[in-house]
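Participant: Using this note's numbering, you'd call the opening residue of the sequence shown number 180 and step up by one each time.
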Amino acid sequence: MTAAPEVLVRQSCDTGEGPLWHPDALCLYWLDIPNGLIFRYDPVSQVVTTYKAGAPVGGMTLQQDGALALFMAEGAVRIWRDGVFIRTVREEIPAERGNRFNDVIADPEGRVFCGVMSTPERAGRLYRLDPDGTLTVVVDGTGTANGMGFAPGLKQMYFCDSRQRTLSVFDYDRASGAISNRRILLSPQGDEGKPDGMTVDAEGCVWSARWDGARLVRLDANGAELLRVDFPVRNVSCLAFGGADLTDIFVTTARAGDPEANGELSGSLFHLNLGIKGRPEFRSAL
């Protein structure tokens, strides 16, 4: 076990984000959002492959057949495999021209909750994209729609808004995909950082990456802090559990802003293993 974070891949990603463990290929994918780069890391060979998407990619989900669904600039959604675009689900969202997707997550029924950035003209939104192509606004007026996750029992969904510095929980209806009854679980302040990417482990605990907070925190279902992992970089953006037994934790970071203040290793991919097991991500069915 690696109790402290170690650099796995040293990089200078402007916005390293969206780590996603691929259990079929036994590899990790992650992004450099503004540069439209997709990275693939093979833990056995330790080889990193870099792909160019041609446009910013804000988030991605694993499809049922093992391909990746990329959520991109202008609200485009495209299915991609090994450097090749297979098909387009959506060319754009007219209301999001000049904008881009940010974090996304598939639900147990193959839907995808997908947030967009806010712009000078209007606040952001959280959408839900259903397998039949229906696109629904489920949360309006967001600052920076970010990490999401599902509680055990699949009756609650977590949602982070980095600009509003909130980690909220909704009631979630699996049958319809509806979310309701939003309440704020916590709102960290000061040097605690902004809630960015997140995930839920096998014990039902929430892991929150903290942008401008130089840490990961593990929380119980009521938002009480159980564990803190400090990092040598300010912008800790997201994490994913992976590896053969889902105990490896892969953490993305960002060099965005002031690289010197963010730390020499900012933008790198980190790794640690605390012996805590994660859960497989749900797969999209787009």
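Heads up, the beta-carbon is just placed ideally off N, CA and C, and yes, glycines get one too.
It should be emphasised that the depicted structure is a prediction, and the values quoted were computed from it without experimental measurement.
DSSP on D211, reduced to helix/strand/coil?
Facilitator: Looking up residue 211 in the sequence shown gives position 32. Strand.
Participant: In the DSSP assignment, what residue or residues form a beta bridge with C192?
Facilitator: Numbered from 1 along the sequence shown, position 13 holds the residue referred to as residue 192. Answer is none; C192 lacks a bridge partner.
Participant: Among A433, S355 and S341, whose alpha-carbon lies nearest the alpha-carbon of K334?
Facilitator: Along the sequence shown, read from residue 1 onward, the residue named residue 334 stands at position 155. Nearest C-alpha to K334: S355.
Participant: Specify, as a first and last residue, the run of the beta strand (DSSP E) that N325 falls within.
Facilitator: Here the question's residue 325 lines up with position 146 in the sequence shown. Where N325 is concerned, the enclosing beta strand (DSSP E) stretches over A324 to F329.
Participant: Taking 7 Å as the limit between beta carbons, can you name the residues of its chain near R290, skipping five residues before and five after?
Facilitator: Position 111 of the sequence shown, counted from the first residue, corresponds to residue 290. Closer than 7 Å at Cβ, skipping near neighbours: R307, L308, D309, P310 and G356.
Participant: State the beta-bridge partners of P374 as determined by DSSP.
Facilitator: Position 195 of the sequence shown holds residue 374. Paired residue(s): R389.
Participant: Should E439 be labelled buried (16 or more other beta-carbon atoms within 10 Å of its own) or exposed?
Facilitator: For the purposes of this step, residue 439 is taken as residue 260 along the sequence shown, with counting starting at 1. When all chains shown are included, E439 counts as exposed.
Participant: Just to confirm before moving on: does the CB-CB distance between G326 and M377 stay below 8 Å?
Facilitator: Along the sequence shown, read from residue 1 onward, the residue named residue 326 stands at position 147. Along the sequence shown, read from residue 1 onward, the residue named residue 377 stands at position 198. For G326 and M377, yes; Cβs fall inside 8 Å.
Participant: With I212 and T194 assumed to form a contact (beta carbons below 8 Å), what rounded beta-carbon distance in angstroms separates them?
Facilitator: In the sequence shown, residue 212 corresponds to position 33, counting from 1. In the sequence shown, residue 194 corresponds to position 15, counting from 1. Their Cβ separation, rounded to whole angstroms, is 4 Å, which keeps I212 and T194 in contact under 8 Å.
Participant: Let me know the beta strand (DSSP E) ranges lying completely inside the segment 295–366, each 3 residues or longer, listed in chain order.
Facilitator: You should have 303–308, 314–321, 324–329, 335–340, 345–351 and 358–365.
Participant: Between which residues of its own chain and T470 is the CB-CB distance below 6 Å, once the five residues before and five after are set aside?
Facilitator: Past the boundaries of the shown model lies residue 470; the chain is included only from 180 to 465, so the question cannot be answered.
Participant: Taking DSSP's pairing of strands, which residues face L448 in a bridge?
Facilitator: For the purposes of this step, residue 448 is taken as the residue at position 269 of the sequence shown. According to DSSP, which records beta bridges pairwise, L448 is partnered with V188 and T431.
Participant: For D380, I'd like the list of residues in its chain whose CB is within less than 8 Å of its CB, leaving aside the five on either flank, ordered along the chain.
Facilitator: Numbered from 1 along the sequence shown, position 201 holds the residue referred to as residue 380. Same-chain partners within the cutoff: W386, R397, F420, I455, K456, G457 and R458.
Participant: I need the DSSP call for G245, collapsed to helix, strand or coil.
Facilitator: One-based indexing of the sequence shown puts residue 245 at position 66. Three-state result, G245: coil.
Participant: Whole-angstrom Cβ separation of P374 and C339, contact assumed at under 8 Å?
Facilitator: Taking the first residue of the sequence shown as 1, we reach residue 374 at position 195. Taking the first residue of the sequence shown as 1, we reach residue 339 at position 160. That pair is a contact at about 4 Å.
Participant: What is the C-beta distance between G322 and G303, in whole angstroms, given that I count them as a contact (C-beta under 8 Å)?
Facilitator: To locate residue 322, count along the sequence shown from 1; it is residue 143. To locate residue 303, count along the sequence shown from 1; it is residue 124. About 6 Å separates the two Cβ atoms, so the contact holds.
Participant: In whole angstroms, what is the alpha-carbon distance linking Q243 and S341?
Facilitator: As a working note, residue 243 is residue 64 in the sequence shown. As a working note, residue 341 is residue 162 in the sequence shown. Cα to Cα, Q243 sits roughly 30 Å from S341.
Participant: Taking Cβ positions, are D286 and A324 nearer each other than 8 Å?
Facilitator: Counted from its first residue, the sequence shown places residue 286 at position 107. Counted from its first residue, the sequence shown places residue 324 at position 145. Result no, Cβ atoms of D286 and A324 do not sit closer than 8 Å.
Participant: With a cut-off of 8 Å, does the C-beta of G320 fall near any C-beta of chain C?
Facilitator: Judged by its chain identifiers, the structure shown contains no chain C, having just a single protein chain.
Participant: Does the segment 356–368 touch the segment 421–429, meaning 3 or more C-beta pairs lie closer than 8 Å?
Facilitator: Verdict: no, contact absent.
Participant: Which residue from T426, L465 and S416 puts its Cα closest to that of C192?
Facilitator: Taking the first residue of the sequence shown as 1, we reach residue 192 at position 13. Checked all of T426, L465 and S416; the closest Cα to C192 is S416.
Participant: Assuming S447 and T426 are in contact, meaning their beta carbons sit under 8 Å apart, how far apart are those beta carbons, in whole angstroms?
Facilitator: Indexing the sequence shown from 1 puts residue 447 at position 268. Indexing the sequence shown from 1 puts residue 426 at position 247. Incorrect: roughly 21 Å between the Cβ atoms, too far for contact.
Participant: DSSP on G369, reduced to helix/strand/coil?
Facilitator: Taking the first residue of the sequence shown as position 1, residue 369 is located at position 190. In this structure, G369 counts as helix in the three-state DSSP scheme.
Participant: Could you tell me which residues DSSP pairs with T240 in its beta bridges?
Facilitator: Taking the sequence shown and counting its residues from 1, the one referred to as residue 240 is at position 61. Paired residues: A248.
Participant: Between D391, G262 and D409, which lies nearest to R434 when the distance is taken from Cα to Cα?
Facilitator: What you label residue 434 is simply residue 255 of the sequence shown in a count that begins at 1. Closest option to R434, Cα to Cα, is D391.
Participant: Less than 8 Å between the CB atoms is what I'm expecting for Y208 and L249, so what's the real figure, rounded?
Facilitator: As a first step, residue 208 is located in the sequence shown; it is residue number 29 there, counting from the start. As a first step, residue 249 is located in the sequence shown; it is residue number 70 there, counting from the start. Contact doesn't hold; Cβ gap of about 10 Å is too wide.
Participant: Sort Q343, D319 and E288 by Cα distance to L465 and report the nearest one.
Facilitator: Taking the first residue of the sequence shown as position 1, residue 465 is located at position 286. It is E288 whose Cα lies nearest to the Cα of L465.
Participant: Use the C-beta contact count for T240: other C-beta atoms within 10 angstroms, 16 or more gives buried, fewer gives exposed.
Facilitator: Residue 240 sits at position 61 when you count from the first residue of the sequence shown. Buried is the call here.
Participant: Considering only the alpha carbon of each residue, which of R462, G383 and S297 lies closest to E253?
Facilitator: Along the sequence shown, one-based indexing puts residue 253 at 74. Comparing Cα-Cα distances from E253 to each of R462, G383 and S297, the minimum goes to S297.
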